[in-house]
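Take any residue in the sequence shown, note its place counting from 1, add 224, and you have its number in our numbering. Where is the CB? At the ideal position from N, CA and C, for every residue including glycine.
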Amino acid sequence: MSQLATEYERKHVYRVQCKDCNEVLTDRGMNAVLLSDRSVQLYSTDLFPYTVSFIQGDYSAASCSCRVRDVACINCGNVVGYHVNVPCKLCLSQPNNGHYWMFRSNDITSQQIYMKGK
Numbered sequence: 225m226s227q228l229a230t231e232y233e234r235k236h237v238y239r240v241q242c243k244d245c246n247e248v249l250t251d252r253g254m255n256a257v258l259l260s261d262r263s264v265q266l267y268s269t270d271l272f273p274y275t276v277s278f279i280q281g282d283y284s285a286a287s288c289s290c291r292v293r294d295v296a297c298i299n300c301g302n303v304v305g306y307h308v309n310v311p312c313k314l315c316l317s318q319p320n321n322g323h324y325w326m327f328r329s330n331d332i333t334s335q336q337i338y339m340k341g342k
């Protein structure tokens, strides 16, 4: 648990951009890991990013029972991540930051823009 606390104490904030067109998706991004598989690196934000749009419908996540829906960049259509519409019990039982807008590291670029003190 102390390792997780250390992770949450580091408040790095990132500008997250679409890898295909450089559209800014959020200036409130945080480095994250998939709660059900901590080897998967992601970026997340807590506020609706106005430069993405929902595509298709909800589906069950591959590694847990969360209901998620993909989002794409509104500028170029690149699928950049997903929104957790209904988190599962397993994920809700894990320490988390309350961010439900997730960006896949392979589909975005990121730049650190702010760091709160140690």
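Taking the straight line between their C-alpha atoms, what separation do you get for residue 306 and residue 293? 5 Å
Where are the beta strand (DSSP E) runs, 3 residues long or more, that stay fully inside the segment 236 to 268, in chain order? 236 to 242, 248 to 258
Buried or exposed: which applies to residue 316, given that a residue is buried once 16 or more other Cβ atoms fall within 10 Å of its Cβ? exposed
Relative to the alpha-carbon of residue 324, which residue among 245, 284, 243, 267 has its alpha-carbon at the smallest distance? 267
Span separating the alpha-carbon of residue 283 from that of residue 263: 22 Å
Note down the Cα distance separating residue 333 from residue 313, rounded to an integer number of angstroms. 31 Å
Does DSSP put residue 288 in a helix, a strand or coil? coil
Mind checking whether residue 304 and residue 242 have CB atoms under 8 Å apart? yes
Rounded to whole angstroms, what is the Cα-Cα separation between residue 238 and residue 248? 11 Å
Based on Cα-Cα distance, which residue from 329, 289, 311, 285 lies nearest to residue 322? 311
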